[in-house]
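Residues in the sequence shown are numbered consecutively from 100, following this note's numbering. For each residue, glycine too, the CB sits at the ideal point set by N, CA and C. Fair warning: this is a prediction, and the values are worked out from it, not measured in the lab. Scroll down for the structure; my scribbles are underneath it.
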Amino acid sequence: MNPNIKAFAVATSLMTAALLPAGAAAQAPPGQNPPQGTPTNTAPTTPQPAQGQQVTPPQDAAKAQAQSQAQNGQAQPPAAGEKKVLTPEEAGLSFTPPEGWKQGDPKGFNVPGNICCAWSPDNVASIVVFVQNVGQPYSPRVLLEQSAQALQKSLGADVKQKDVIDVGGMRGFSLVVTGNGNGAAIDGKGTVRTTQHWVAIPRDKDIVIFLMNSPEANYEKNDQTLQAMINTLKVTGQQSPEQRASK
């Protein structure tokens, strides 16, 4: 893995929403179609947002590094296959679902990767779990810095907190950003201040992502639910020595 952060300074074509690299994915509130006219959460792989919410962080960094490596004669991660719904067991995850939140239909969420599950307390705020297949290990620190920079540049989001952390028995990162949106997603132009909390764990061939969207006014309460969930998380799989040493 190339530790040079400059390799990631290249591509950040995010959508008009929130975090998660090069493509883009729209998220609709669980169990229903997103309201018309609301922004969509887009991320890596398909730059065109849909009605609903928007997303975008870890993989833009991954894509930029892959492009740089390809130019230097190194192998690119394989193209992502068809997206599917994973069970927590298939994703190598074990956790306690958010207490008091209603589970939504994962197929109602368009994320940049294979979705695992989604919940909402009110059809506005949500927690979504998904996995991005990137084909090789990426540094938690590099993904964190690239994701934060991308959200600031593309959506004018304010970075509230960013840390490389121990999570689920592995090294990952926590990133909290706030920007204009609709409460269910950040789009950079809505009238509702919206906060996203990303918790991402890069493994040797993929990235596990827990993403919470919440109106800023309800963030502290909703984040307590996310934290309670993360505190029970156990992740199986492998990380490289460089990933485990990330600071």
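In terms of alpha-carbon separation, which member of the options lies closest to residue i?
i      : options                           : result
Phe208 : Tyr237, Ile226 and Glu198         : Ile226
Leu185 : Glu198, Pro196, Lys333 and Asn213 : Asn213
Leu325 : Val258, Ala190 and Ser273         : Ser273
Val228 : Pro197, Gln245, Gln323 and Pro236 : Pro197
Cys216 : Val233, Asn232 and Ser193         : Ser193
Gly271 : Val263, Thr277 and Gly278         : Val263
Trp200 : Ala344, Asp322 and Ile306         : Asp322
Asn279 : Gly255, Arg302, Gly268 and Lys261 : Gly255
Gly346 : Met269, Val233 and Asp221         : Sequence check: residue 346 is Lys here, not Gly. The residue with the shortest Cα to Cα distance from Lys346 is Met269.
Lys320 : Asp221, Gln202, Gly336 and Glu188 : Asp221
Gly336 : Trp218, Glu188 and Asn281         : Glu188
Lys182 : Asp204, Ser219, Trp218 and Gln231 : Gln231
Taking the continuous beta strand (DSSP E) assigned at residue i, which residues delimit it?
i      : result
Asn279 : Met269 to Gly280
Ala299 : Val291 to Pro301
Lys261 : Asp257 to Val266
Ile308 : Asp305 to Pro314
Do residue i and residue j have their CB atoms nearer than 9 Å?
i      : j      : result
Val210 : Ala283 : no
Tyr297 : Ile308 : The residue you asked about is not Tyr; residue 297 is Trp in the sequence shown. Yes; because the gap between Cβ atoms is below 9 Å, this pair is in contact.
Lys259 : Val275 : yes
Asp305 : Thr277 : no
Leu250 : Ala299 : no
Ala344 : Thr195 : no
Glu341 : Ser238 : yes
Glu315 : Thr294 : yes
Arg302 : Gly191 : yes
Leu310 : Val266 : no
Is the shortest distance between the beta-carbon of residue i and the beta-carbons of chain C less than 9 Å?
i      : result
Pro197 : Absent here is chain C; the protein component of the structure consists of one chain.
Which partner residues of residue i appear in the DSSP bridge assignment?
i      : result
Lys333 : Ser193
Taking 8 Å as the line, does the beta carbon of residue i fall inside it for any heavy atom of the ligand HEM?
i      : result
Lys182 : With respect to the ligand HEM, the structure shown offers nothing to examine, as it has no ligands at all.
Looking at the unbroken alpha helix (DSSP H) that takes in residue i, where does it start and where does it end?
i      : result
Gln342 : Pro340 to Arg343
Segments assigned beta strand (DSSP E), at least 3 residues, entirely inside the stretch 188-243: Restricting attention to beta strand (DSSP E) runs no shorter than 3 residues, the stretch 188-243 encloses them at 213-219 and 225-232, ordered along the chain.
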